[in-house]
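Trainee:
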Amino acid sequence: MQTPNRTRGTRARRSRIRRFGSMALVVTLAIQAAGLTGQVATPALADTSPVTASQLVPIPAAMEAVPGETFVVGPATRIVGAEEARAVADALATTMRASTGYPLPVSTAAPQPGDIALGLTDDADLGDEGYRLDVSGAGIQIEARRPAGLFYGMHTLRQLLPPWIESPTVRPGPWTVSGVRITDTPRYAYRGMMLDIARHFQPPDVVKRVIDKASAYKLNVLHLHVSDDQGFRIAINGRPELTAIGGQFSINNDPGGFWTQAEYVDVVNYAAAHFMTVIPEVDSPGHTNAIVMSYAGPEANPVLPDVNCTRNNPPQWNLTGAVGYSALCPESPNTWAILTDIINQLSAMTPGPYYHLGGDEVPASTLASTRYVSFVDQEAQIVKAQNKIVMGWAEISQANFGQPGSPPAVAQFWNNGNPAGSGGDTARRAVQKGMKVVMSPANHTYLDMQQFVGSPLGLSWAGRLDVSQFYNWSGTSSDPATYIPARTTGGVTLPAVTDADILGVEAAMWSETLRTLDDIGFQMFPRLPATAEIGWSPKTHADRNLASFVSRVAGHGLRWQLQGQNFYPSPQVPWQVDVAAPDIAVRERTVMGDIASVSTPGATLEQVSATVDWGDGTSSPATLSGTAGTNKTANGIYTATAGHTYGRNGVYQATITATRPTGSTTAHFQVVVDTCTSTVSGTHRGPLVVSAGVTCLAGATVSGPVTVRPGGSLVATGASIQGPVSATSAALVELIGGSVSGPVSLAGTTGEVEVEGVRISGPLTLTGTNVAAAPVLAGNVVNGPLSCTGNTPAPVNNGQPNTIRGPATGQCKGL
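So the sequence shown is residues -33 to -1, 1 to 782, counted in mature numbering (1 follows the signal peptide of the UniProt record, and there is no 0).
1. With distance defined between alpha-carbon atoms, name the residue in Ala58, Ala29, Ser74 and Gln22 nearest to Ala43.
2. Quick test of the definition: if touching needs 3 or more C-beta pairs under 8 Å, does the region 145 to 159 touch the region 719 to 737?
3. Looking at C-alpha atoms only, which residue of Phe342, Pro318 and Gly264 is the closest neighbour of Cys296?
4. Could you tell me whether the Cβ atoms of Pro386 and Tyr339 are closer together than 7 Å?
5. Could you give the DSSP three-state label for Leu591: helix, strand or coil?
6. Is Val640 near Arg772, with beta carbons less than 7 Å apart?
7. Reducing DSSP to helix, strand and coil, say where Pro423 ends up.
8. Give a yes or no on whether the C-beta atoms belonging to Gly68 and Val137 are separated by under 7 Å.
9. Tell me the rounded alpha-carbon separation between Thr650 and His122.
10. Can you tell me the Cα-Cα spacing of Asn301 and Val270, whole angstroms?
11. Once you ignore the five residues that flank Gln778 on each side, which residues in its own chain have a CB closer than 7 Å to its CB?
12. Tell me whether Val420 is buried or exposed, calling it buried when 16 or more other Cβ atoms sit within 10 Å of its Cβ.
13. Across the region 148 to 161 and the region 182 to 198, are there enough close Cβ pairs to call them in contact, namely three or more that are closer than 8 Å?
14. Measuring alpha carbon to alpha carbon, tell me which residue in Ala659, Ala665, Gly630 and Ala267 is nearest Thr646.
15. How many angstroms separate the CA atom of Pro423 from the CA atom of Trp477?
16. Nearest-angstrom Cα distance between Gly359 and Ile164?
17. According to DSSP, what are the bridge partners of Ile83?
18. Return the bridge partner residues of Asp151 from the DSSP annotation.
19. Determine, using beta carbons only, whether Pro139 and Pro549 come nearer to each other than 7 Å.
20. With burial defined as no fewer than 16 other Cβ atoms inside 10 Å of the residue's Cβ, what is the status of Arg396: buried or exposed?
21. Look at the Cβ atom of Pro536, then the Cβ atom of Ala601, and state whether they are nearer than 7 Å.
22. Would a C-beta distance cut-off of 7 Å place Thr644 and Gly630 closer than the cut-off?
23. Whole angstroms are fine: how far does the CA of Gly116 sit from the CA of Lys506?
24. Leaving aside the five residues before and after Ser696 along the sequence, list all residues of the same chain whose C-beta is less than 6 Å from its C-beta, in chain order.
25. Does the Cβ-Cβ distance between Ala65 and Pro135 come in under 7 Å?
26. Report yes or no: do three or more beta-carbon pairs, one from the region 563 to 582 and one from the region 593 to 607, lie closer than 8 Å?
27. At the level of alpha carbons, what is the spacing between Asp57 and Val274?
28. From what residue to what residue does the beta strand (DSSP E) around His411 run?
29. The alpha helix (DSSP H) with Pro114 in it runs from where to where?
30. In chain order, which continuous runs of the alpha helix (DSSP H) of length 4 or greater are located wholly inside the region 274 to 332?
31. When burial is assigned at 16 or more other CB atoms within 10 Å of the CB, is Ala509 buried or exposed?
32. By Cβ distance, which residues of its chain are closer than 6 Å to Gly442, with the 5 residues on each side in sequence left out?
33. Just list the alpha helix (DSSP H) runs in the region 520 to 571, keeping only unbroken ones of 4 residues or longer that don't cross its boundaries, in chain order.
34. If we define contact as Cβ-Cβ less than 7 Å, is Pro34 a contact residue for chain C?
35. Are the region 524 to 533 and the region 208 to 220 in contact at 8 Å, needing three or more beta carbon pairs?
36. Considering only the beta carbon of each residue, do Gly522 and Gln22 sit closer than 7 Å?
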């Protein structure tokens, strides 16, 4: 794919190169150069060889490389599939259009060579979430028994594409996928993440962003902790006090908040569209101070003191992180009236099979064991009446599950003690009673734990947990099924927790110290993908180990940077250097500006250097700039800026090599100096499409529309274009004199824009340019409206007003 080029129009102007970002820090770099070539090069990202399965997370169950086969995504590529695949196809197209600039139409037509095809199959071996992905030079096919499998296959394909596919703006390409055959199914049916919106309130949009990121790593459960001592977060009809009183605070007296039922349903539906099941949790009988304060505190009306079994009488707000002091009373009819309303309404709004009643951290000094058991037994029956499966923290294994009339239940194991000793007993007792277990040992899955000494985010009571602790649960083992062996105590042997007992795994994000989406992201990545791989990938896979995982996840740092996703650049991960260098077209033989984007997670500007080979044997200085990381944010993508003057016109093949202590990467780019790569004069019959390079119309007549694709450049001097002109993410557009018989639409141009002295039979629209010098719209006659929005800087007319037969709006008002 050809990328941003610039060339000379009819009048001399200084060279301009698009600038990609703000410059917070600056370091001088050395630049070197080599020889001139007259051949036209294909622009490239760093290391243009296709991404291989060595960067896939989670690692697929089975995959086989297909040597000699490479699929190239291009302007004609379609995404096709049955109507059942439409939502997945649309999601893939949306991501790829932004970065490639290609139209990528979504169609229900029969697949043809060159297509990306998604389809359903009746292959029972794939189960409800498995998929098969085949890549050859002729096309890509993803098939599954259910749309969930197509969704997971789509995310695998995204990881097979170069990381820059995640860019929200057009990048150079090429967009290649190595030949591969993948058959993939999950190990566990339950692969979850818990998010606490009770201690620190989070609005629905933040939770949706978490769903986006968690589902991309094939997690299928969102466990929402919606109530705790510090706040109650979901409106319950008929009980406004739960949110009016119970929802007003967050921990440390930070602002509270709550969701309406419509907002909750919207999040549940959004999760379902991403194949995640929501499990609501209202923790009880402990962690209930917000509920108690709603009914027995000083603001309650009426006051119901019989619900209060906290250690404080009357109750009082405690907005610290203290635990174990609050409880609802199992003997109170008001307790059960409140909980019945909560359980019934949340269950009605949540189509998933589970309701999580909490049940953790209720010491006997707060509520005696017999009263605790009575509480859980009664609440379990309310949950059962709503046709939900009871779920709770592993302490609920004390209750009378496994008895006649008791409902089925799932215990979520979270203890961080020695699993071979008494630390694993809650899970063993759950298995003894026939309960299923979700594995969430705090010292291996709690995302709120600090990742390094001195971190401003997270706690450390379960340890400081980096990637290695998340991946290896016991020594070098990452197998949940061997984590809790059998144990004999008091002459009684408690059973081991085996695969037959384990429903799945879940990583938990408690929010005592987490206020923002960036805080959540910093704690999620790269640790959450480790949990995702433990839940998805077969334990016998040769690459299912820590060394392989950190090598593979290293390639995801750039993806997260492009997505605007914060993460912790852990020193345990060998982060890569990636470079994107768009082609450049210059006038007056001078390059001056931003020439490349450099991704190097965790490396400061002082740790990165770069070398530019300009292709002509000369050298010049350059700068590297960008946003530095902090102790709770990752660094941004850096920008390489350079200045260079060529001795003569021509097409030069240049390279930029970025180096950090752990390695280097080279990207190729082309510099077109005062040169048209294609010139049209006389008459061109039919449409004209500019896909790459610099096309010059020298007094030409084009009897049809002119379309400039991403990265292409158009210079029309005195031309007569008998049709519309449209350019999307073009490198440069100059229309000087002449006429256009139709509308002119210029969107997202990355370089110089000049429309001067042109007669236009239709509207002129300019949107989304981001260039060093202002776009010029001067002296034109526009038979229609003139509209300009989202351009940086705003367009100018250089003192030559336009004649407009229609309204001039936005940034063009007054031009």
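Just so you know, even glycine gets a beta-carbon here, dropped at the ideal spot from N, CA and C.
Mentor: Reading off the structure:
1. As a position in the sequence shown, residue 43 is number 76, starting the count at 1. Among Ala58, Ala29, Ser74 and Gln22, the Cα nearest to that of Ala43 is on Ser74.
2. no
3. Numbered from 1 along the sequence shown, position 329 holds the residue referred to as residue 296. Comparing Cα-Cα distances from Cys296 to each of Phe342, Pro318 and Gly264, the minimum goes to Phe342.
4. Within the sequence shown, numbered from 1, the residue matching residue 386 stands at position 419. Within the sequence shown, numbered from 1, the residue matching residue 339 stands at position 372. No. Outside cutoff.
5. Against the sequence shown, residue 591 aligns to sequence position 624. Note: Leu591 maps to strand in three-state DSSP.
6. Position 673 of the sequence shown, counting from 1, holds the residue named residue 640. Position 805 of the sequence shown, counting from 1, holds the residue named residue 772. No; because the gap between Cβ atoms is not below 7 Å, this pair is not in contact.
7. Position 456 of the sequence shown, counted from the start, is the residue given in the question as residue 423. Pro423: coil per DSSP, three-state reduction.
8. The residue labelled residue 68 in the question sits at position 101 within the sequence shown. The residue labelled residue 137 in the question sits at position 170 within the sequence shown. Yes; because the gap between Cβ atoms is below 7 Å, this pair is in contact.
9. Taking the first residue of the sequence shown as position 1, residue 650 is located at position 683. Taking the first residue of the sequence shown as position 1, residue 122 is located at position 155. Distance between the alpha carbons of Thr650 and His122: 47 Å.
10. The residue given as residue 301 occupies position 334 in the sequence shown. The residue given as residue 270 occupies position 303 in the sequence shown. Roughly 11 Å separates the two Cα atoms.
11. Locating residue 778 in the sequence shown gives position 811, counting from the first residue. Correct list, in chain order: Cys755, Thr756, Asn758, Ala761 and Pro762.
12. The residue given as residue 420 occupies position 453 in the sequence shown. Val420 is exposed by the Cβ-count criterion.
13. yes
14. Taking the first residue of the sequence shown as position 1, residue 646 is located at position 679. Of the listed residues, the one whose Cα sits closest to Thr646 is Ala665.
15. What you label residue 423 is simply residue 456 of the sequence shown in a count that begins at 1. What you label residue 477 is simply residue 510 of the sequence shown in a count that begins at 1. For Pro423 and Trp477, the distance between alpha carbons rounds to 15 Å.
16. Numbered from its first residue, the sequence shown carries residue 359 at position 392. Numbered from its first residue, the sequence shown carries residue 164 at position 197. Going by the C-alpha atoms only, they are around 17 Å apart.
17. What you label residue 83 is simply residue 116 of the sequence shown in a count that begins at 1. Beta-bridge pairing links Ile83 to Ile46 and Ile107.
18. Start at 1 with the first residue of the sequence shown, and residue 151 comes out as number 184. Answer is Tyr98.
19. Numbered from its first residue, the sequence shown carries residue 139 at position 172. Numbered from its first residue, the sequence shown carries residue 549 at position 582. Against a cut-off of 7 Å, the Cβ pair of Pro549 and Pro139 comes out as a contact.
20. For the purposes of this step, residue 396 is taken as residue 429 along the sequence shown, with counting starting at 1. Looking at its Cβ environment, which holds 16 or more other Cβ atoms inside 10 Å, Arg396 is buried.
21. One-based indexing of the sequence shown puts residue 536 at position 569. One-based indexing of the sequence shown puts residue 601 at position 634. Against a cut-off of 7 Å, the Cβ pair of Ala601 and Pro536 comes out as a contact.
22. Against the sequence shown, residue 644 aligns to sequence position 677. Against the sequence shown, residue 630 aligns to sequence position 663. Result no, Cβ atoms of Thr644 and Gly630 do not sit closer than 7 Å.
23. Sequence index remark: in the sequence shown, residue 506 carries index 539 (1-based). Sequence index remark: in the sequence shown, residue 116 carries index 149 (1-based). The straight-line gap from Cα to Cα measures roughly 20 Å.
24. Locating residue 696 in the sequence shown gives position 729, where the first residue counts as 1. The residues are Gly68, Val137, Pro677 and Gly715.
25. By one-based count along the sequence shown, residue 65 stands at place 98. By one-based count along the sequence shown, residue 135 stands at place 168. Their beta carbons are under 7 Å apart, which means Ala65 touches Pro135 by this criterion.
26. yes
27. Reading the sequence shown from its first residue, position 90 is the one you call residue 57. Reading the sequence shown from its first residue, position 307 is the one you call residue 274. Roughly 50 Å separates the two Cα atoms.
28. As a position in the sequence shown, residue 411 is number 444, starting the count at 1. Looking at the DSSP string, His411 is not in any beta strand (DSSP E); the run it does join, the alpha helix (DSSP H), is Ala409 to Thr412.
29. As a first step, residue 114 is located in the sequence shown; it is residue number 147 there, counting from the start. Residues Pro114 to Leu127.
30. 300 to 316
31. Counting from one through the sequence shown, the residue named residue 509 turns up at place 542. Exposed, since its Cβ has fewer than 16 Cβ neighbours within 10 Å.
32. Taking the first residue of the sequence shown as position 1, residue 442 is located at position 475. Contacts found: none.
33. 524 to 530
34. Considering every chain present, this structure includes no chain C. It has just one protein chain.
35. no
36. By one-based count along the sequence shown, residue 522 stands at place 555. By one-based count along the sequence shown, residue 22 stands at place 55. Cβ distance < 7 Å, so Gly522 and Gln22 count as in contact.
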